[in-house]
Amino acid sequence: MKKFRKVLDGLTTSSPGGTIGSPSGGSAAGTPTATPTPKEIDIQETLVSENFQLCKTVRHGFPYQPTALAFDPVQKILAIGSRTGGVRILGRPGVDCYCQHESGAAVLQLQFLINEGALVTACADDTLHLWNLRQRRPAVLHSLKFNRERITFCHLPFQSKWLYVGTERGNTHIVNIESFILSGYVIMWNKAIELSTKTHPGPVVHLSDSPKDEGKLLIGFESGTIVQWDLRLKKADFRIYYDEAIHSVSWHHEGKQFMCSHSDGSLSMWNLRNTTKPFQVTFPHGKIQKDGRKESCKPILKVEYKTSRNSEPFFIFSGGLSYDKAGRRPTLTIMHGKAITVLEMDYPIVEFMALCETPYNNEVQEPYAVVVLLEKDLIVVDLTQSNFPVFENPYPMDIHESPVTCTAYFADCPPDIIPILYSIGVKHKKTGYSQKEWPVGGGTWTLGSHTYPEIIITGHADGSIKFWDASAITLQMLYKLKTSKAFEKPKPSEGRAADLVEDDPFAIQMVSWCPQSRIFCVVGISAHIILYRFSKYDANTQIVSLEVRLQCEAEDVISPSENENNPCFTESGSHSPQPHHQHAASPGSGTTEGNKDSNPCLKVKDRMVRVPPGYQAELVVQLLWADGEPPQQITSLDINSAYGLLAFGNCNGLAVVDYLQKTILLCMSTLDLYGAADPYQRLTRSPRRNRQSTSGLTELSDNQQSIDMDRSKSPTSGYASRRAMLHQLHGVAMYSHDEHHTTAPYCWSERAAATESRENSFSRSRSSSVSSIDRDTKEAITTLQFGESYARKSDTLPTPCLWVGTSLGVVLLIPMSIPTDHEERMEEPVTIGPSGTVLMLKGSVLRISFLDFMGALIQSPYEVWRDLNAHEDPDRMRRRKLVHISPSSSHDTCGEGHLAVVCSEKQAKVFLMPSQSCLFVHNITESSFVLRADVVSVCNSVCLACFCANGHVMTLSLPSLRPLLDVNYLPLADMRIARTFCFTHRGQALYLSSPTEIQRITYSQEMCDNLQEMLGELFTPIETPEAQNRGFLKGFFGGNSHNFDREELFGEAAAGKGSRSLAQHIPGQAGMEGMKVAACGVVGDLARARIALDERGQRLGELEERTALMMTSAETFSKHAHEVMLKCKDKKWYQL
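According to this note's numbering, the stretch in the sequence shown is residues 243 to 1378, in order.
Written as structure tokens, this is what we have:
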């Protein structure tokens, strides 16, 4: 605990702000204010560095770029491997584990050690890994790296410790699973095939032991050669040479026949009695043409042959369609008796697997489901019903249903919001699912004690919004909202939407949500804002539309003399933006072209529409085209339900909307917000006809002057500038269409000079805080914050204010006068106007928050939610219930005032209001820049959390701005992370780790300690099912499979050691210890180790007692035996 006590005397030079040399904001009008009376601020900071630790918690969504699939039929858990080296293990809802190979090599194949709590992975770098699943965080126990051969196929028989490994050269090696050491037993390809064969059989594509005899290994080569190898006699039983390439092989459970799938779309059935030719060849999807020839078909990549007691066998395969049917979707075919069912999939099939009742391959299989792994989805088909319905997937596999464009994370939500969202969202769920329970039900998971309501909101490219219940590190879909329903469908032949963004005119750019009032606001790529109210009832409504012109106009002809005579009206910012209403005449620039261009990108529905329960659109605000240019992207947004106001800005200016009265209160260019308080000396320049334009979601005005040209030393030096990178931060790069727009030429040397001029200005004294920049520089509004504050130094009481942060590091305060009476609020206008107060920082402003004099976070005022469509209340327009949390509401010795925390890309400052003096300042980074910042609550206190472009996650204490955590966590590999990274309370954060997955992390030590309790158990002790009684005759005539001893054949004593140069053994991280130390605190590990030692000591004590009892019993038995011997030794045998 650190205690700060500071005596302030107005703008004293002894404050930290003065020592750093950064300019402190003051009254911009230049009028001196009276010196405030000395105040004493007593803030006890309880946070220390020991309260923070960074670790990953859980990953949600569909595994990106999946490659492999495996299932444990006893434990009933599913594993999915990916191209990036990730392994996702799924069980019952709540049991969801993500593992990552350090090499990052693609996972080729997965093999469970059935009911053993272990998993073998084969990766593209020719390495085998053994994972221990008997812990909540799986770890690698052993690795085996092949040096001279490439792994193509693996097979692990049930209840065997010997793994068969096929290679690209056609050889088959055998690995001991327990020691992960290569056996000396090798099946060389040239011994497997006949010596007379002149061609190489190709890579091994299949390995399986015969269900009839485990001592027989079936080897399938890519060229079409199949060999059954007798492991005892070390010779081939039979060889099959087929003309078509083999993709997969599947046995009948009796081991007398098997089926192969081929590259020509055929299935061949083979009987072991006669292997000279297949006894059946079928082309399931190949029809006979008019000329008598069969259609050419696509390869059947995999087939599974599963038997059933009470019905015909199942033949399940993927592919095999004819080539002439172009455009057909990928299919999975199920042949059951005479019925052939073709299931069309939305995405290509990566892998599929039939789920069977028994783990034994020599028993009737009884398949009950098929797991189908697609490129972007996971589907499980119910085989027990004739129509083959799919199971309802309990995992959130559809996050990427439309690409995610923005995220928001809310912890400690009102407890009633999740049930009500779910109750409405469940009405719109799809139907027709199988009524049976989800078959992947392994593992155990319980609701931990450290749970609280959490909601994640995702915005998508198609304009949809999804609300997710994220409580207890799970993720469940609550409610889906389609914002496109507020607009008419854009016709291909008209509309400006196609010019701006062709494919996704409704893509979501940012969201703002007030959980208390349930007011929801979204910003779209087409420069539109939609305001939603929540209602439990459906209603007939008409959406109100407002149109705003936030486009700085250019004069048709501007001469240098005009610029010199009237320097206040140059090209940029020459006029304030003008508001427009939809049904009113839109004032243009006086030309026909101007009237033609004054249109929004989208057309709002202008008729009465029926809206279902949930979020219902009330107001749409759109920016207009001007002078042949699309509106600039909206870069900031804030909404306050208590004030009834909505504020937004872009690189041209700021607009404030009264959504209660449906009017525009303020619409000004950024330059006009300063008035006479502009801290910069704007230089006039000769006008240019070229204008800056947008490029979809990627635009954030490239000509802003806060560009750092020394990025060569930064981790982000791949970008031309920091601002070039930030172009994409406010949008999605994949949706930009730069070819439709031209950017204004701009001299890099001019930008560098301007940047250098501005950067140097911050190192001067406080009096020289004015730097010279170009007048036509567009200064974007980067952050907005409503709240009760003091707009001027002379204010004695807090009033509603709007804090405005810009890309030039300037903070402007705009006071507002809002009627307090309900009737007056609905009728009287709200007055708003700049105050002239200017605060300054280094770098673009990212976040503004308020603290009281006890160091607690001040929540913005809000309106308590009311349902305007409630039928039981006749007075729909009942009075609003407002909750105001004023800075002066806390009765302390500090009197009136509060602290303002402002964070920019480069530094953070804490200001005392209303004196506007800078109490603390901290330069966060020099070589990089902050992408995300937020004031969050952690451990009953608050801190400033920052995420930098170089991958560092940092936390600073408040208000002293002491560094508490600085971890180099995640290098910024792509803009997706920067666009979706967000912090929330209780030490949590998230980002989109891939286009289909959300990664949640924590920076709280407390949550790291409790993480083990919150995670699910992958392994559950289950009795292995007993094998069926085969009967005397089957056991006698069915081979000697149960007498097969692999240890006798493959062990070191019989086969010798494997070649050291062929494969290298790599020890793991000792499994449990390494992973647990990384995942949780040392204290927890020590406690667990102590408990384990106690349990071991207890077991040793019990063992000692049992040993003593056995010794006593043995002595007693010996004594009695001796007595009997003495008694009987002189007697004859017939006397006994």
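Beta carbons: idealized from backbone N, C-alpha and C, even for Gly.
Secondary structure of residue i, DSSP reduced to three states
{"i": "Q639", "result": "Here residue 639 turns out to be Met, not Gln, going by the sequence shown. In the structure shown, M639 sits in coil (DSSP, three-state: anything other than H, G, I, E or B)."}
{"i": "G917", "result": "helix"}
{"i": "E410", "result": "coil"}
{"i": "C1250", "result": "helix"}
{"i": "R301", "result": "strand"}
{"i": "N892", "result": "coil"}
{"i": "K1123", "result": "coil"}
{"i": "R515", "result": "coil"}
{"i": "T1358", "result": "helix"}
{"i": "E1365", "result": "helix"}
{"i": "R927", "result": "At R927, the pLDDT of 44 sits below 50, so the modelled position is not reliable and the matter cannot be decided from this model."}
{"i": "W710", "result": "strand"}
{"i": "C341", "result": "strand"}
{"i": "H670", "result": "helix"}
{"i": "K548", "result": "strand"}
{"i": "N357", "result": "coil"}
Residue i: first and last residue of the uninterrupted alpha helix (DSSP H) it sits in
{"i": "C539", "result": "Careful: C539 lies outside any alpha helix (DSSP H) and carries neither H nor E."}
{"i": "I1219", "result": "M1217 to T1222"}
{"i": "K433", "result": "W431 to A434"}
{"i": "Y664", "result": "I659 to G667"}
{"i": "M1068", "result": "H1064 to E1069"}
Presumed contact (8 Å Cβ cut-off) between residue i and residue j, rounded CB distance
{"i": "I1023", "j": "N892", "result": "7 Å"}
{"i": "T288", "j": "S1183", "result": "5 Å"}
{"i": "V606", "j": "R551", "result": "5 Å"}
{"i": "S883", "j": "C756", "result": "5 Å"}
{"i": "I319", "j": "V682", "result": "7 Å"}
{"i": "M719", "j": "P638", "result": "6 Å"}
{"i": "D640", "j": "D704", "result": "Their Cβ separation, rounded to whole angstroms, is 13 Å, which puts D640 and D704 out of contact at 8 Å."}
{"i": "L788", "j": "V899", "result": "6 Å"}
Boundaries of the beta strand (DSSP E) in which residue i is found, first to last residue
{"i": "M577", "result": "T573 to H578"}
{"i": "T649", "result": "V646 to A653"}
{"i": "R1174", "result": "V1172 to V1180"}
{"i": "A1297", "result": "Not the beta strand (DSSP E): A1297 falls in the alpha helix (DSSP H), residues E1294 to A1297."}
{"i": "D314", "result": "P308 to D314"}
{"i": "Q718", "result": "Q718 to K724"}
{"i": "Q858", "result": "G856 to L865"}
{"i": "C1160", "result": "S1159 to N1165"}
Exposure label - residue i; buried when at least 16 CB within 10 Å
{"i": "V668", "result": "exposed"}
{"i": "I660", "result": "buried"}
{"i": "Q874", "result": "buried"}
{"i": "P1076", "result": "buried"}
{"i": "V1106", "result": "exposed"}
{"i": "H1140", "result": "buried"}
{"i": "A1296", "result": "exposed"}
{"i": "G497", "result": "buried"}
{"i": "V846", "result": "buried"}
{"i": "E1259", "result": "buried"}
{"i": "H1227", "result": "buried"}
{"i": "G333", "result": "buried"}
{"i": "V446", "result": "buried"}
{"i": "P1379", "result": "With the chain covering only 243 through 1378, there is no way to say anything about residue 1379."}
{"i": "F422", "result": "buried"}
C-beta neighbour in chain D for residue i, strict 8 Å
{"i": "G1085", "result": "Judged by its chain identifiers, the structure shown contains no chain D, having just a single protein chain."}
- Three or more beta-carbon pairs under 8 Å between the region 481-496 and the region 440-455, yes or no? yes
- Give a yes or no on contact between the region 556-571 and the region 528-540, applying the rule of three or more CB pairs nearer than 8 Å. Look at the beta carbons and you see the region 556-571 touching the region 528-540: at least three pairs across the two are nearer than 8 Å.
- Query: Does the region 333-343 come close enough to the region 393-405 to have 3 or more Cβ pairs within less than 8 Å?
  - Reply: no
- Stretch pair the region 1027-1037 + the region 861-872: three plus CB contacts closer than 8 Å: no
- Item | Contact between the region 322-333 and the region 343-362 (3+ Cβ pairs under 8 Å) | yes
- At least 3 beta-carbon pairs within less than 8 Å: the region 1206-1217 vs the region 1247-1263: no
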